[in-house]
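Novice:
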Amino acid sequence: MHATTPPPSTWWSRNWKWCVPVLAALLLALFAAFVFGILMLVFGAMKSSEPYRHAMKQAQTDPAVTAALGAPIQAGWLVQGNFSSNGPDGEANLSIPLDGPKADGTLFVVAKKHAGEWRYETLAVNVDGGERIVLEDDAAMPLP
90 MHATTPPPST
100 WWSRNWKWCV
110 PVLAALLLAL
120 FAAFVFGILM
130 LVFGAMKSSE
140 PYRHAMKQAQ
150 TDPAVTAALG
160 APIQAGWLVQ
170 GNFSSNGPDG
180 EANLSIPLDG
190 PKADGTLFVV
200 AKKHAGEWRY
210 ETLAVNVDGG
220 ERIVLEDDAA
230 MPLP
C-alpha cells in the first residue's frame, strides 16, 4: 500500500474560525465610529449656532432660571430640533436639556433669521415639575 500525504492546508482554512468574527467586529466598530462622527458633527453645528449660544447665555444669566435650577446651569448632551441657515435667512427650532444642581429643565428656542438678524419667537425654560419661565431678550427690546 502506498500512503499519500494530504495537501498542505492554507492559512485561511486553518484560521477562518477566528478571522470571520474579528473582521465582523472590526466592520461593526468602523460603522459605529462613522455614525458617532456624523452625530458629533451635527450636534457641534447646532451647539455653535447663534440661537443656541444666545439662548444658553440668556438662561444662564436669568435670575428666575438660576433660582429654579441652581447655578451653574449646564446644557445636556442631546440637543433636539432643527437648525438651518442659508446666507441672510434661516430658522431654528431647538429643545436644549438643562442640568442644574437643584433641578433640571428644558430650554425651548424658536427663532427666525431675516436680513442677517435673528428674531426669537420663543425663548423659554420649562422646569421639570411644571414651572415655565419666559426669558426676555433685552437686545430685541426697543430702545426708549
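Quick note on numbering: the sequence shown equals residues 90 to 233 in this note's numbering. C-beta atoms are modelled at their ideal positions from N, C-alpha and C, and glycine is treated no differently. The model shown is predicted, which means the values in this text are computed figures rather than measured ones.
Tell me which residues share the same chain as LEU115 and place their Cβ nearer than 6 Å to its Cβ, disregarding the 5 neighbours each side in the sequence.
Specialist: Cβ neighbours of LEU115 beyond the five flanking positions: none.
Novice: Would you list the residues sitting across from GLY194 in a DSSP beta bridge?
Specialist: In the DSSP output, where bridge partners are listed per residue, GLY194 has LEU187 and VAL216.
Novice: Note the first and the last residue of the continuous alpha helix (DSSP H) segment covering GLY133.
Specialist: That run of the alpha helix (DSSP H) goes 100-136.
Novice: What do you reckon, are the CB atoms on ALA192 and ALA160 nearer than 8 Å?
Specialist: No, these two residues do not count as a Cβ contact at 8 Å.
Novice: Among ALA164, ALA181 and ASN182, which residue has its Cα nearest to the Cα of PRO190?
Specialist: Closest by alpha carbon: ALA164.
Novice: Are the beta-carbon atoms of ALA134 and LEU187 separated by less than 8 Å?
Specialist: Not in contact: ALA134 and LEU187 (Cβ atoms no closer than 8 Å).
Novice: Nearest-angstrom Cα distance between GLN169 and PRO110?
Specialist: For GLN169 and PRO110, the distance between alpha carbons rounds to 36 Å.
Novice: Between which two residues does the beta strand (DSSP E) carrying VAL223 extend?
Specialist: Residues 221-223.
Novice: In chain order, what are the residue ranges of uninterrupted beta strand (DSSP E) at least 3 long that sit wholly in the segment 136-170?
Specialist: The qualifying runs do not exist here; there are none.
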